[in-house]
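Data block below; observations after.
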Amino acid sequence: MMKINQPYFILNLSPWPILMALNTFNLMISNIMIMNFKFNMMSLMNMFMIISISILWWRDVIRESTFQGNHNFYIMNLIKFSMILFIISEMFLFISFFWNFLHNSLAPSIELGLNWPPKNINFFNPLLIPLLNTIILLTSSFTVTLTHLYLLNNSKKKTIIFMNLTIILSIYFLMLQMLEYNQATFTFSDSIFGSSFYMATGFHGLHVIIGTIFLMINLLRMMKLHFSFIHHISFELAAWYWHFIDIIWLFLYMTFYWWNN
1 MMKINQPYFI LNLSPWPILM ALNTFNLMIS NIMIMNFKFN MMSLMNMFMI ISISILWWRD
61 VIRESTFQGN HNFYIMNLIK FSMILFIISE MFLFISFFWN FLHNSLAPSI ELGLNWPPKN
121 INFFNPLLIP LLNTIILLTS SFTVTLTHLY LLNNSKKKTI IFMNLTIILS IYFLMLQMLE
181 YNQATFTFSD SIFGSSFYMA TGFHGLHVII GTIFLMINLL RMMKLHFSFI HHISFELAAW
241 YWHFIDIIWL FLYMTFYWWN N
């Protein structure tokens with residue numbers, strides 16, 4: 001670490017940024033190959049490299065923040081600001097999905113028979129699995145808030161209990177989403193309706209998987225006593241991300257499920 005009279009922590013040289021950049025570029029090429037030649041070994045190796053580099057990079061960040069104490073309040077505020085920018089970028093990604101759906105549903109093309117949903121597509125009842133999934137995600141948002149509350153009160157046992165409950169609810173949501181996909185009478189290829197629905201809900205499901213992994217890692221760190229009531233930024237960012245996922249699902253439910261019927 002360089003000795004400079006300033007409040008910020010200056011990193012040593014790290015191989016992870018350049019390696020992640022190269023593998024992200026390879027991921028783009030792999031996606032093009034998947035579209036033309038289906039899944040191949042290059043794509044599998046590329047995903048393995050990205051996951052491995054991410055784990056090693058996050059290991060360094062945990063060591064610098066938790067064990068070396070290099071993350072002061074200036075650094076934590078910068079990390080929080082970075083997370084806010086990331087969530088905003090994710091928000092614009094989902095705005096594009098909503099824009100696509102509303103554009104095609106409010107003015108259906110002549111190829112769809114000027115109907116929305118298109119003829120012969122039997123959509124889900126919004127009061128069954130979709131409503132249950134909404135209740136599950138809202139409950140998980142409540143439990144993750146309770147987890148944060150008990151963490152601030154330095155109650156380790158209750159913190160771990162509600163963290164486990166949040167993870168169980170997220171896994172239950174994913175299982176119901178898979179059940180819904182299996183029961184669907186239309187596919188990704190069934191007109192713009194099918195592709196719009198599966199793109200939006202599929203990307204949300206991917207974010208739920210990422211958020212669940214994020215929460216699991218934080219649960220492991222809680223059990224290893226990495227957090228205190230004043231220094232738990234990793235969990236705080238995970239909670240922000242989880243609330244963002246919940247809000248996106250509410251909009252998905254209101255537009256793709258309820259309003260669509």
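In UniProt numbering, the protein residues as written are 1 to 261. Idealized CB from N, CA, C, for every residue including glycine.
Measuring C-alpha to C-alpha distances from W116 to each of P126, P130, F101 identifies F101 as the nearest. Every alpha helix (DSSP H) of 4 residues or more that sits fully in the segment 108-182 is shown, in chain order, as 129-152. Within the same chain, and ignoring the five residues on either side of F81 in sequence, no residue has its Cβ closer than 7 Å to its Cβ.
Rounded to the nearest angstrom, the Cβ distance from N133 to F173 is 6 Å, consistent with a contact under 8 Å.
Within the segment 203-257, the runs of alpha helix (DSSP H) that reach at least 4 residues and sit entirely inside it are, in chain order, 233-252. Membership of L102 in the alpha helix (DSSP H) is indicated by the continuous run 73-106. The shortest C-alpha to C-alpha distance from M20 to any of I10, F9, M47 is the one to M47. Shortest Cα-Cα distance from N218 to any of K156, T255, I245, S191 involves K156. Between N260 and F251, the alpha-carbon positions lie close to 12 Å from each other. I62 is not a Cβ neighbour of F9, given a cutoff of 7 Å. Between M163 and T139, the C-beta gap is not smaller than 7 Å, which leaves the two residues out of contact. Between the C-alpha atoms of L215 and F235 there is a straight-line separation of about 7 Å. The three-state secondary structure of D60, taken from DSSP, is helix. Classified as buried, L169 has 16 or more neighbouring CB atoms from the shown chains inside 10 Å of its CB.
In the three-state DSSP reduction, A200 falls in the helix class (H, G or I).
Separation of L237 and I160 (C-alpha to C-alpha, rounded to the nearest whole angstrom) is 17 Å.
Residue burial annotation: M41 is exposed, with fewer than 16 other C-beta atoms found within 10 angstroms of its C-beta. Taking C-beta separations shorter than 7 Å and ignoring five residues to either side along the sequence, the partners of H207 in its chain run I245, following chain order.
The residues F229, in chain order, have a CB closer than 7 Å to that of N154 in the same chain once the five nearest residues on each side in sequence are set aside.
In terms of Cα proximity to I136, the closest of M175, P108, L114, A107 is M175.
Beta-carbon to beta-carbon, F193 and I129 are separated by about 18 Å, too far to satisfy the 8 Å threshold. Burial is judged here by how many other beta carbons sit within 10 angstroms of a residue's own beta carbon; H232 has at least 16 and is buried. Your pair T201 and F98 does not check out as a contact, with CB atoms roughly 12 Å apart and the cut at 8 Å. Burial is judged here by how many other beta carbons sit within 10 angstroms of a residue's own beta carbon; W58 has fewer than 16 and is exposed. Residue environment analysis places T24 among the exposed positions, since fewer than 16 neighbouring C-beta atoms fall within 10 angstroms of its C-beta. The beta carbon of E180 sits closer than 7 Å to those of F124, I129, all from its chain and outside the five residues before and after it, given in chain order. When the beta-carbon positions are compared, I50 and S43 stay at least 7 Å from each other.
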